[in-house]
Amino acid sequence: MISSKYTIREQNQAKLLREIIQSQEISRADLAQVTGLNKASVSEIIKDLLEQHFIFETRIGNASTVGGRKPILLTFNKCAATVISIDLGPDYIEGMFAYIDGTVICSISKKEIFICQKNVLSLLREVIETMMKKQPVTPHGIVGIALAIHGIVFENEIRFTPYYDLDQMNLQQQLSELFHLPVYLENEANLAALGEYTFISQADNLLSISVHSGIGAGIVQDGVLITGKNGEAGEIGHSILYPDGKLCPCGNHGCLEQYASHQALYKKIKEQLNLDIVNSDIVQEFYRKQHPVIQDLIHENVHLLSIGINNAIMAFSPEVIVINSSIYRKIPGLIAAIKKNLPSRFAKENIIRNTLLDDKAILYGGFALVAQAFLNIQNLKLTLEQAQ
Ligand SMILES: [Zn+2]
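Structure, rendered in C-alpha cells:
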C-alpha cells in the first residue's frame, strides 16, 4: 500500500478495500482468506469501512460447500465521494467531475484560450465552480482536485513549463486556499499513464507517450508511477535527436519535441501550405484527401517519433506502449507505421496501441491520482463504466 507512514491498521484497511474494489462482491470469510488477515481483524476493519460509507453490504451469498451460514457480500461504494480532474493545456482547459470510481457526472471544455499567469486562476475558478454546481450528495463530498500541467512537476510544484508561463506560480496553494480542498498537481503524460494503468491496462509496466505541444512519457513500473528525482523522468521530448539542431525552450539544441511534436508539425504545415490555423481535424481531412505535402510531413513525423519511442522502449522495457495523440488517434494506420519504423528489433516486439481512453486519458489519470490518495491505495485498479 502507499507507504510506511500509515499504521498497520490503515495498511490493512487499504488492503481489504483494494480487494473489495477488485472483487466487485466478496464476503468477510473470503477477504480473510485472500488477504491472510485473521477473521477478527477483518470484521473490525469492515465495521469501520461500513461506518465510513466506503463499502456496503449488498446481498446474501451462497453458503460454502462445507455448509454453515450464508455470507453477506460486501461491495465498494462507488458514490462514497467525488473528484474533480482538470487538464490545463497551453491553449485549452478540459475539466471532468466524477464519482470516486471515475463515473463521470459532468465535463466542461474551454478551447482556443491562451493560458498565462494573469488569467489562469480566474479561468480555473470558473471551470471548477461550474462543475461544483452539479455536485451530488455523497458521504465524503469532493475529496480532491487533480490538475494536469504540461511541463515538469515535482511534489505539486511546477518546475518548468515551456509552452506557458506558469513555472513561477504556486497553483496548488492558491487553489487549495480558494476551495479548501486537497489539490494535486502532476505532469500530463504521467497522468495519462496513470489513467491507462488504473482504468484500462492489465499490464503492471507500461509507457504512455503523450504527443501534444511537447512530447512526454509517463512511466508505470510494477504499478507505480515513476517520476524521478526531480519529476523529470520520462521527459523524452528533451532527448536529443540532432546534437546541433534547433534551440529548444529547455536550453538545449535538437530536442525531439522541436521536430516531432504536434506543435512542430503544425508549424511546418502552416509554413508550407500558408495556413493560419492548423489542428488535428484539419490534418486528418488533408491526409484523407491524400494531400502530398501533408502525407510527406506525417510520414516524416512517424519516422522521427518512432526514433524517440524506440529509445524510450530501450530505456524502460515496458509491456505496453500507449500513444496519446489526437493525430495518431484520428488517422488509421499510423500506429502500425510507427511499429514498422522502430529501428531496433527488440523494440519491435512490443505492443503499441492508441490510448483506449480517447482524448480523456489525462483526466482519468487525475481521477486515479485523487482516488489513490483518498483511499490510500497505490496499485488501485478501477473499472470504467461510462466511457466518455
Ligand atoms: Zn528541450
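For the sequence shown, counting from 1, position 132 maps to 138 in my numbering; every step adds exactly one.
Just so it is clear, CB atoms sit at the ideal spot from N, CA and C, and this is done for glycine as well.
(message) One question on the structure: do residue 212 and residue 371 come within less than 8 Å of each other, judged by their Cβ atoms?
(response) no
(request) Please list, in chain order, all residues of the same chain as residue 114 whose beta carbon is under 7 Å from its beta carbon, the five residues on each side excluded. (result) 101, 133, 136, 137
(message) Quick check on the DSSP output: what are the complete alpha helix (DSSP H) runs of length 4 or more inside the stretch 104 to 133, in order along the chain?
(response) none
(message) Could you check whether the stretch 343 to 362 touches the stretch 376 to 386, counting it as contact only if at least three pairs of C-beta atoms, one from each stretch, sit closer than 8 Å?
(response) no
(message) Suppose the cutoff is 6 Å on Cβ atoms and the five residues either side in sequence are ignored; what does the same chain contact list for residue 394 look like?
(response) With a pLDDT of 40 at residue 394, under the threshold of 50, the predicted position of this residue should be treated as unreliable, and no value is reported.
(request) Within the same chain, show all residues whose beta-carbon is closer than 6 Å to that of residue 38, passing over the 5 residues directly before and after it, in chain order. (result) 45, 48
(request) Compute the minimum distance between the beta carbon of residue 256 and the heavy atoms of ligand 1, and state whether it is under 7 Å. (result) yes
(request) Please confirm if the stretch 307 to 320 is in contact with the stretch 279 to 299, defined as three or more CB-CB distances below 8 Å between the two stretches. (result) no
(request) Using three-state DSSP, classify residue 372 as helix, strand or coil. (result) helix
(message) If you measure between the beta carbons of residue 129 and residue 151, is that distance less than 8 Å?
(response) no
(request) Compare the C-alpha of residue 299 against each of 276, 116, 285 and name the closest. (result) 276
(message) At the level of alpha carbons, what is the spacing between residue 323 and residue 310?
(response) 20 Å
(message) residue 333 and residue 215 - do their beta-carbons sit closer together than 8 Å?
(response) no
(message) Would residue 219 and residue 96 qualify as a contact pair, given that the criterion is a beta-carbon distance under 8 Å?
(response) yes
(request) Report the three-state DSSP secondary structure of residue 55 (helix, strand or coil). (result) helix
(message) Taking a contact to mean a Cβ-Cβ separation below 8 Å, would you say residue 162 touches residue 127 in this structure?
(response) no
(message) Using a 10 Å radius around the Cβ and a threshold of 16 neighbouring Cβ atoms, would you call residue 57 buried or exposed?
(response) exposed
(message) For residue 93, report the span of its beta strand (DSSP E) as first-last.
(response) 88 to 94
(message) Can you tell me whether residue 312 is helix, strand or coil according to DSSP?
(response) helix
(message) ligand 1 and residue 218: does any heavy atom of the ligand fall closer than 7 Å to the residue's C-beta?
(response) no
(request) Could you tell me if residue 82 is buried or exposed, where buried requires 16 or more neighbouring beta carbons within 10 angstroms of its beta carbon? (result) buried
(message) Quick check: the Cα distance between residue 7 and residue 266, rounded to an integer number of angstroms?
(response) With a pLDDT of 48 at residue 7, under the threshold of 50, the modelled position of this residue cannot be trusted; read the value that follows with caution. Distance between the alpha carbons of residue 7 and residue 266: 38 Å.
(message) For a test of the three-state rule: what should DSSP assign to residue 39, helix, strand or coil?
(response) helix
(request) Below 8 Å on the Cβ atoms is my guess for residue 241 versus residue 158; work out the distance and round it to an integer in Å. (result) 7 Å
(request) Apply the 10 Å Cβ neighbour rule to residue 78 and answer buried if 16 or more other Cβ atoms are within range, or exposed otherwise. (result) exposed
(message) Could you give the first and the last residue of the continuous beta strand (DSSP E) run that contains residue 81?
(response) 78 to 82
(message) Using CA atoms only, rank isn't needed, just tell me which of 253, 221, 236 is closest to residue 243.
(response) 221
(request) Identify, in the order they occur along the chain, each residue of the same chain with its Cβ nearer than 6 Å to the Cβ of residue 92, setting aside the five sequence neighbours on each side. (result) 101, 153
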